[in-house]
């Protein structure tokens, strides 16, 4: 998955989760996005660094592996603004989702 599509998908899921009392973080996991756990951890780290999300902790071990705690993850106002300002990405995401619903095995 393209880097920006992955970030957009994570933020979109977090925005929808604002209405839920509990959130299954598996919905934004590396497996769902089709990326390595290392890349996924870097996405989380970068989004936290720029202020799109909060409530996460990223630790890097000596061997370079990451420990990412997203139990309290939530989108911020800046993350909501990112979603709003990226209408083109939203259209691409919706179009891709529509194609996926129509074409089996995609």
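In my numbering, the protein residues as written are -6 to 99.
Each residue gets a CB set at the ideal place from its N, CA and C atoms; glycine is no exception.
Sequence-distant residues of its chain with Cβ nearer than 6 angstroms to residue i (five each side left out)
i, result
"residue 40", "46"
"residue 30", "23"
"residue 20", "6"
"residue 62", "50"
"residue 33", "23"
Endpoints, beta strand (DSSP E) assigned at residue i
i, result
"residue 73", "Careful: residue 73 lies outside any beta strand (DSSP E), inside the alpha helix (DSSP H) at 70 to 78."
Opening and closing residue of the alpha helix (DSSP H) in which residue i lies
i, result
"residue -1", "-4 to 9"
Close-in-space but distant-in-sequence residues of the same chain around residue i (CB under 8 angstroms, 5 per side omitted)
i, result
"residue 85", "-2"
"residue 78", "none"
Residues of its chain near residue i, where Cβ-Cβ distance is below 7 angstroms and the 5 sequence neighbours each way are ignored
i, result
"residue 4", "45, 68, 72, 75, 76"
"residue 38", "51"
List, from N- to C-terminal side, the alpha helix (DSSP H) runs of 4 residues or more that fit wholly inside the segment 12 to 82.
23 to 26, 30 to 43, 70 to 78
Flag this pair as touching only if the segment 64 to 76 and the segment -1 to 19 have three or more C-beta atom pairs under 8 angstroms; answer yes or no.
yes
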